[in-house]
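Asks: Going by this note's numbering, the first residue of the sequence shown is number 13, and it counts up by one from there. Quick reminder that beta carbons are idealized off the backbone N, C-alpha and C, glycines included. Values in this document were obtained by computation on a predicted structure and should not be read as measured data. Once you've had a glance at the structure underneath, I'll fire off some questions.
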Amino acid sequence: MADQFTVDRLWPDPEQGLDLDAAFRDLVLPAPPDARRVLVATNMVTTVDGRAQRMGTAEGLSGRADRRLMRLYRVAYDAVGSGVGTLRATDFWSTLPQDLAQRRAEKGRPPQPLSVVIAGSGPVPTDRRWFGWDQPRLLVVGAQSPLASGEMRMPAGTDLLVAPTDYPEPGWVADQLAERGIGSLLLEGGPTTNAAFLAAGCLDELYWTVGARVLATEALPMLTAIRGGSPFADAPREATLVSAHRFESELFLRYRFESELFLRYRFEAVSDGG
Numbered sequence: 013m014a015d016q017f018t019v020d021r022l023w024p025d026p027e028q029g030l031d032l033d034a035a036f037r038d039l040v041l042p043a044p045p046d047a048r049r050v051l052v053a054t055n056m057v058t059t060v061d062g063r064a065q066r067m068g069t070a071e072g073l074s075g076r077a078d079r080r081l082m083r084l085y086r087v088a089y090d091a092v093g094s095g096v097g098t099l100r101a102t103d104f105w106s107t108l109p110q111d112l113a114q115r116r117a118e119k120g121r122p123p124q125p126l127s128v129v130i131a132g133s134g135p136v137p138t139d140r141r142w143f144g145w146d147q148p149r150l151l152v153v154g155a156q157s158p159l160a161s162g163e164m165r166m167p168a169g170t171d172l173l174v175a176p177t178d179y180p181e182p183g184w185v186a187d188q189l190a191e192r193g194i195g196s197l198l199l200e201g202g203p204t205t206n207a208a209f210l211a212a213g214c215l216d217e218l219y220w221t222v223g224a225r226v227l228a229t230e231a232l233p234m235l236t237a238i239r240g241g242s243p244f245a246d247a248p249r250e251a252t253l254v255s256a257h258r259f260e261s262e263l264f265l266r267y268r269f270e271s272e273l274f275l276r277y278r279f280e281a282v283s284d285g286g
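Laid out in structure tokens, this is it:
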């Protein structure tokens with residue numbers, strides 16, 4: 013049985029003493045601004061001073077309630093994705109526990125979301141546990157990847173999608189997922205992948221947990237600086253607060269980038285990001 017956590021809803025319609033699972037049970041997703049592509053959101057945790065990594069990973073930045081909330085977010089999405097940097101650093105797990113998998117199945121959906129890893133043209137650590145979990149998996153690689161050329165052997169049970177460019181462009185990835193019948197993608201990092209999707213105009217929502225900790229280090233924020241200069245430096249990207257919840261001293265925030273503000277930018281990563 014899942015642990016129970018009590019949260020306060022701060023916005024909208026403030027209310028105290030809500031069960032976390034009940035508060036997020038029926039997460040309603042908006043329609044994507046472009047009906048031809050996948051709805052994309054990212055879910056990140058940072059410290060109070062905005063750091064998204066501690067010793068190279070997000071471990072220890074938040075508590076057990078946030079980890080449960082991460083799984084609750086996954087229930088609503090068709091696919092859960094990450095850059096290859098996360099796979100290299102900590103493995104990448106995107107499975108749901110039995111109770112949440114059953115909740116999806118009861119609604120006629122696959123018990124587990126499609127798990128997606130986006131890599132460039134560098135080596136992919138195929139020894140990670142991600143390649144062996146009982147979950148549909150899709151690995152997206154660049155045109156020069158050793159997996160694309162056959163220099164590396166693809167583990168069984170994982171679909172391979174090869175991009176026409178050295179690094180899969182976010183817009184192309186979103187279009188390819190839509191062609192496979194995927195309607196929504198939840199990114200769970202890392203900061204380089206988040207920045208690429210934002211720069212390409214392919215990020216619709218942001219789920220942000222503010223953990224009650226401070227690092228005061230040079231660790232990465234939830235989005236890295238956009239290579240070649242940010243198009244938002246002089247005209248910041250606007251977002252709307254959708255909801256705010258509190259668990260003890262942690263905040264669970266949800267922001268939406270309004271469709272009329274979307275501008276499409278081509279983002280070409282010059283390195284293999286995560």
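Distance, Cα to Cα, V153 vs T177?
Replies: 9 Å
Asks: Excluding sequence positions up to five away, which residues of its chain have a Cβ less than 7 Å from the Cβ of T252?
Replies: Y267, R268 and E270
Asks: Just grab the DSSP bridge partners of A53 for me.
Replies: L198 and E217
Asks: Given a threshold of 16 other Cβ atoms within 10 Å of its Cβ, counted over all protein chains shown, does P125 qualify as buried or as exposed?
Replies: buried
Asks: Cβ of T221 within 7 Å of Cβ of G95?
Replies: no
Asks: Across which residues does DSSP place E262 in a beta bridge pair?
Replies: F259
Asks: What's the gap between the Cα of V136 and the Cα of Q156?
Replies: 12 Å
Asks: From the DSSP output, in three-state form, read off A190 for me.
Replies: For A190, the secondary structure class from DSSP, reduced to helix, strand or coil, is helix.
Asks: Just the C-alpha distance for W145 and P167, rounded to the nearest angstrom, thanks.
Replies: 12 Å
Asks: If you draw a straight line from the alpha carbon of Q11 to that of G241, how long is it in whole angstroms?
Replies: In the structure as shown, the chain begins at 13 and stops at 286. Residue 11 is therefore absent and cannot be evaluated.
Asks: Measure the C-alpha to C-alpha separation of Q65 and P233 and round it to an integer number of angstroms.
Replies: The C-alpha of P233 is placed about 7 Å away from the C-alpha of Q65.
Asks: Who are R21's beta bridge partners in DSSP?
Replies: E27 and H257
Asks: Between the C-alpha atoms of T236 and A207, what's the straight-line distance to the nearest angstrom?
Replies: 6 Å
Asks: How is R249 classed by DSSP in three states: helix, strand or coil?
Replies: If DSSP states are grouped into helix, strand and coil, R249 belongs with coil.
Asks: Can you tell me whether DSSP reads G134 as helix, strand or coil?
Replies: Coil.
Asks: Suppose you measure from the CA of Q110 to the CA of R249; what does that come to, to the nearest Å?
Replies: 38 Å
Asks: In chain order, which beta strand (DSSP E) runs of at least 3 residues are fully inside the stretch 93-139?
Replies: 126-130, all fully within the stretch 93-139.
Asks: Can you name, in chain order, every residue of its own chain whose Cβ lies under 7 Å from the Cβ of D31, other than the five neighbours on each side?
Replies: Q16 and T18
Asks: Taking the alpha carbon of L7 as the reference point, which residue from A43, T98 and F36 has its own alpha carbon closest?
Replies: The displayed coordinates of the chain run from 13 to 286. Any statement about residue 7 would go beyond what the structure contains.
Asks: Using only CA atoms, which one of D20, V60 and A53 lies nearest to P45?
Replies: Ranking the options by Cα distance to P45, first place goes to A53.
Asks: Nearest by alpha-carbon distance to A47: which of R165, E71, D216 and D25 is it?
Replies: D216
Asks: Name the two residues that bound the continuous alpha helix (DSSP H) containing V87.
Replies: R76 to V87
Asks: R276: buried (16+ other C-beta within 10 angstroms of its C-beta) or exposed?
Replies: Residue placement at R276 is poorly supported in this model, since its pLDDT is 43, which falls under 50; the coordinates still yield a value, given next. Exposed: under 16 other Cβ atoms inside 10 Å.
Asks: G201: beta carbon under 6 Å from a heavy atom of the ligand GDP?
Replies: Ligands displayed in this structure: none; no statement on the ligand GDP is therefore possible.
Asks: Here's the rule I'm using: 16 or more other beta-carbon atoms within 10 Å means buried, otherwise exposed. How should G93 be labelled?
Replies: By the Cβ-count criterion, G93 is buried, with 16 or more other Cβ atoms from all chains shown falling within 10 Å of its own Cβ.
Asks: Does DSSP put T58 in a helix, a strand or coil?
Replies: strand
Asks: For L32, which three-state DSSP category applies?
Replies: helix
Asks: Taking Cβ to Cβ, would you say N55 is nearer than 7 Å to Y85?
Replies: yes
Asks: Exposed or buried, what is W142 when buried is set at 16 or more other beta-carbons lying within 10 Å of its beta-carbon?
Replies: buried
Asks: Please list the terminal residues of the continuous alpha helix (DSSP H) segment that includes L150.
Replies: From DSSP, L150 is part of no alpha helix (DSSP H) but of the beta strand (DSSP E) over R149 to V153.
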